[in-house]
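Here the structure comes first, spelled out in structure tokens, and everything after it is commentary.
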Amino acid sequence: MRHWRDAAVASARLVSERPELWLPGALAWVSSVGWIPFVVAVMRPPTVAELTFLGARIVTSGSWPWNGVLIAAAAAAVVLLAFVLVAAANAVLIGQVDGRRPTLDDVRRTLGINLVAAAPAGLATVVVLLAVAAVAPAEFNAPEPAGGPILRTIADVAPYLVLLLLTSVAGGALAAVAGRISVRDRSGTLSSLRSAAARTLTVSPTIHAALTVLAQVIFLGFAAVLLGVLWAPIGVQLGFGEIEVATGLLLVGFVAIWLCLVLAGGALHAWAAATWSRLLATDAPGRT
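If you count the sequence shown from 1, position 119 lands on 490 in our numbering, and the numbers rise without skipping.
In structure tokens:
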């Protein structure tokens, strides 16, 4: 625990003194989980009727199942783009923290590690989607004695959602360690992952992985609540089709605060990345 605390404090000092680390951190943060508070605050969740109509329209369309394949391909392209942006941002962060110039080879190595480490979470996502496809039609067409079809569907697939959460957290920690090993030692993807698996299971990396996830969840919740409160009056005015000077000023303030939150999320991501680098630099089996 003391080992992690010393590394975390030193990394926090480093990030506070070097704001240039916040920008690549912000790119990695907003490309991975940082978009969630904005979407939660701004977008209106679809109703049960809208979801039912959308699903029926997709399935009964004359282009089925190719329209479903197209939707899946578009989603896969967006996810792949996010992986590329996160890999590039993390490669820049690793280079800046280690005091060297990042290269395209660093980006390639980081991207390869991220894709392999995310494979279990990807399989878990497929399992969740298949489970939803299996239970959602019955829940949406069934009477509603308690709760709604959305909540009942979530409850039905809850074990698979837990599996997705665990594989995502484990894959993220493994990628963070393996990416640094691969960039630093110029080692291959599989050898870096094997070495990372052994190091991640030690005390300090495990503590850092758990506390990083906790800090991210807390900050995401704070950002979602803050943006939701700020967007509420703007959404009402835009819903009435009224765009006045006051509404415009509120919108400008909303964007400014959103950008500040993005930078804050970038600083948090940069702190996590710097701490990983320090833990690996001073890694010693059995040390806590």
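Yeah, the Cβ is synthetic: ideal placement off N, Cα and C, and Gly gets one too.
Predicted model only: the values in this text are computed from it and were never measured.
Can you look up Pro416 in the DSSP assignment and give me helix, strand or coil?
For the purposes of this step, residue 416 is taken as residue 45 along the sequence shown, with counting starting at 1. The answer is coil: DSSP assigns Pro416 none of H, G, I, E or B.
Quick one: residues in its chain with C-beta nearer than 6 Å to the C-beta of Ala544, no 5 flanking neighbours on either side, listed in chain order?
The residue you call residue 544 lines up with position 173 of the sequence shown. Shown here for Ala544: same chain residues with a beta carbon closer than 6 Å to its own, the five before and five after excluded, namely Thr571 and Ala580 in chain order.
Any non-hydrogen atom of the ligand MN closer than 7 Å to Ser558 Cβ:
The ligand MN is not part of the structure shown, which contains no ligands of any sort.
Taking 8 Å as the threshold (C-beta atoms), are Arg480 and Ser553 in contact?
Along the sequence shown, one-based indexing puts residue 553 at 182. Along the sequence shown, one-based indexing puts residue 480 at 109. In contact: Ser553 and Arg480 (Cβ atoms closer than 8 Å).
Bounding residues of the alpha helix (DSSP H) (the contiguous stretch that carries Val528)
On the sequence shown, residue 528 is found 157 positions in, with the first residue counted as 1. Premise fails: Val528 is in no alpha helix (DSSP H) and is neither H nor E.
Pull up the distance between the alpha-carbon of Leu632 and that of Gly624, whole angstroms please.
Counting from one through the sequence shown, the residue named residue 632 turns up at place 261. Counting from one through the sequence shown, the residue named residue 624 turns up at place 253. So the alpha carbons of these two residues sit roughly 12 Å apart.
What residue range is occupied by the uninterrupted alpha helix (DSSP H) comprising Pro508?
One-based indexing of the sequence shown puts residue 508 at position 137. Taken as a continuous stretch (DSSP letters only), the alpha helix (DSSP H) holding Pro508 covers Ala490 to Asn512.
Between Pro390 and Ala638, what straight-line distance do the alpha-carbon atoms span, to the nearest angstrom?
The residue labelled residue 390 in the question sits at position 19 within the sequence shown. The residue labelled residue 638 in the question sits at position 267 within the sequence shown. For Pro390 and Ala638, the distance between alpha carbons rounds to 8 Å.
Give the single residue among Ala643, Ala652 and Leu651 whose Cα lies nearest to the Cα of Val380.
Within the sequence shown, residue 380 is the residue found at index 9, counting from 1. It is Ala643.
Any idea if Thr659 is buried or exposed, counting beta-carbon neighbours within 10 angstroms, 16 or more meaning buried?
Taking the sequence shown and counting its residues from 1, the one referred to as residue 659 is at position 288. Confidence at Thr659 is low in this model, with a pLDDT of 39, below 50, so its placement is unreliable and the value that follows should be read with caution. By the neighbour-count criterion, in which 16 or more other beta carbons inside 10 Å mark a residue as buried, Thr659 falls on the exposed side.
Cα separation between Ile465 and Val401?
In the sequence shown, the residue the question calls residue 465 occupies position 94. In the sequence shown, the residue the question calls residue 401 occupies position 30. Straight-line Cα distance between these residues: approximately 18 Å.
Mind listing, in chain order, the continuous beta strand (DSSP E) runs of no fewer than 3 residues lying wholly within the segment 588–650?
none
Can you tell me the Cα-Cα spacing of Leu486 and Val616, whole angstroms?
Here residue 486 refers to the residue found at position 115 of the sequence shown. Here residue 616 refers to the residue found at position 245 of the sequence shown. So the alpha carbons of these two residues sit roughly 46 Å apart.
Going by alpha carbons, who is nearest to Ala462 out of Ala444, Ala447, Val528 and Leu482?
Along the sequence shown, read from residue 1 onward, the residue named residue 462 stands at position 91. That would be Leu482, whose Cα lies nearest to the Cα of Ala462.
CA-CA distance, Leu456 and Ala547?
Here the question's residue 456 lines up with position 85 in the sequence shown. Here the question's residue 547 lines up with position 176 in the sequence shown. Approximately 15 Å, taken between the alpha carbons.
Specify the secondary structure class of Gly559 as computed by DSSP and reduced to three states.
On the sequence shown, residue 559 is found 188 positions in, with the first residue counted as 1. In this structure, Gly559 counts as coil in the three-state DSSP scheme.
What residue range does the alpha helix (DSSP H) around Val386 cover?
As a position in the sequence shown, residue 386 is number 15, starting the count at 1. Counting along the chain, the alpha helix (DSSP H) containing Val386 begins and ends at Arg373 to Glu388.
C-alpha distance - Arg565 paired with Ala549, whole-angstrom precision:
Locating residue 565 in the sequence shown gives position 194, where the first residue counts as 1. Locating residue 549 in the sequence shown gives position 178, where the first residue counts as 1. Distance between the alpha carbons of Arg565 and Ala549 is about 8 Å.
Proximity of Val540 and Thr524 at Cβ, strictly below 8 Å:
Translated into positions along the sequence shown, residue 540 becomes position 169. Translated into positions along the sequence shown, residue 524 becomes position 153. Not a contact, by the Cβ cut-off of 8 Å.
Going by CA-CA distance only, name the one from Val584, Arg551 and Pro491 that's closest to Thr538.
Taking the first residue of the sequence shown as position 1, residue 538 is located at position 167. If we check each option's Cα against that of Thr538, Pro491 comes out closest.
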